[in-house]
Amino acid sequence: MRSGLVAVDQASPRNCNSCGTALATGFLCTHCGRLQPLGSEENYFSVLGFAPRLQLDTVLLEKRFYELSRALHPDRFTTSDAENRRISTERMTLINDAYRNLKTSALRRSYFLKLFGFHSAANQKNPRIPVELAETWFELQDALAESPTEAASKLRGFEVELGEFRARKLQALLAIEAEVDAALDKLDPAQSAGTRSDAIAVLAEKLLAEVQGETYLDSMTQNMEHMKKLLL
Ligand SMILES: [Zn+2]
Numbered sequence: 567m568r569s570g571l572v573a574v575d576q577a578s579p580r581n582c583n584s585c586g587t588a589l590a591t592g593f594l595c596t597h598c599g600r601l602q603p604l605g606s607e608e609n610y611f612s613v614l615g616f617a618p619r620l621q622l623d624t625v626l627l628e629k630r631f632y633e634l635s636r637a638l639h640p641d642r643f644t645t646s647d648a649e650n651r652r653i654s655t656e657r658m659t660l661i662n663d664a665y666r667n668l669k670t671s672a673l674r675r676s677y678f679l680k681l682f683g684f685h686s687a688a689n690q691k692n693p694r695i696p697v698e699l700a701e702t703w704f705e706l707q708d709a710l711a712e713s714p715t716e717a718a719s720k721l722r723g724f725e726v727e728l729g730e731f732r733a734r735k736l737q738a739l740l741a742i743e744a745e746v747d748a749a750l751d752k753l754d755p756a757q758s759a760g761t762r763s764d765a766i767a768v769l770a771e772k773l774l775a776e777v778q779g780e781t782y783l784d785s786m787t788q789n790m791e792h793m794k795k796l797l798l
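Under my numbering, think of the first position of the sequence shown as 567, with each following residue one higher.
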């Protein structure tokens, strides 16, 4: 399941690939004006100046996105050579994708799991109805077959129950996310990649288990909306 640690928390200090001056910011040499090509270690988090975390300050994320968009705007490179223009477009494309994927928690979670080598929740097999909801759900199914009036009333009850259940699940998910992030904050970069990766794997498994239930709840919510159209 796991395929090792892909992400790097700390970018090592780098030098300009053109003039060799130490870089003050990640991608532009203030000495010679060359944009630095994207390195293979860049990811959606790093390209926006974040360490990979499940919970991000989305106000800061937006601020960074607009700052970088301004800094990489094509107007700034009209007098540059083709190479610099190509790099600015490449970076901007990655930054756009990064922002789109990191600004919502669900997409960010799914990217995070992929970055750390975990399968996405979409690959789950044999999704099962959560036991907490099973009784009401099956009562609803029986009512649907027997009495539309009763089904309508059961459906309203189920909607409330499902809403409350999802709210509790969300709290649990947020708590696990915070736990994973805190563990990442504490990881010692001096530890071997294997040790770091094992520590993350334990937490990511927990996260993954929590996320997998979400897919089932989404389809349940969709079914319920469909039934509401028919019955209410
Ligand atoms: Zn330079």
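By construction, the Cβ of each residue, glycine as well, lies at the ideal position given by its N, Cα and C atoms.
For ligand 1, any of its heavy atoms closer than 7 Å to the Cβ of residue i?
i	result
H639	no
S584	yes
T587	yes
R508	One cannot answer for residue 508 here, as it falls past the ends of the chain, which runs 567 to 798.
R580	no
E600	Glu is not the amino acid found at residue 600; the sequence shown has Arg there. Yes, the beta carbon of R600 sits closer than 7 Å to at least one heavy atom of ligand 1.
H597	yes
Note down the Cα distance separating residue i from residue j, rounded to an integer number of angstroms.
i	j	result
V777	L739	7 Å
S654	P640	7 Å
L604	A718	57 Å
A617	R674	13 Å
A709	V726	17 Å
K772	I742	7 Å
E656	L681	20 Å
F731	S676	22 Å
A744	Q621	7 Å
C598	R630	23 Å
E698	N789	18 Å
L679	A770	7 Å
R799	N581	No answer is possible for residue 799: the residues shown for the chain start at 567 and end at 798.
R722	L798	9 Å
D623	S671	11 Å
I766	Q757	13 Å
S584	Y665	28 Å
L728	Q737	14 Å
S635	L660	11 Å
L774	K794	31 Å
A590	T596	8 Å
Return the residue from the list the options that minimises the CA-CA distance to residue i.
i	options	result
N662	A648, E633 and R651	E633
K720	T702, A759 and G729	T702
R619	A648, R651, R652 and K669	K669
A637	E649, L614, A749 and N667	L614
F593	C585, G586, T587 and Q602	Q602
A700	T644, L783 and T587	L783
T781	L796, T761, P696 and L706	P696
R734	N609, A749, R694 and G779	G779
Pull up the DSSP beta-bridge partners for residue i, would you.
i	result
L783	L783 pairs with nothing; no bridge assigned.
N799	Given a span of 567 to 798 for the chain in the structure shown, any question on residue 799 remains unanswerable.
L601	L594
Touch test, the region 713 to 726 against the region 741 to 759, Cβ-Cβ under 8 Å, three pairs minimum: no
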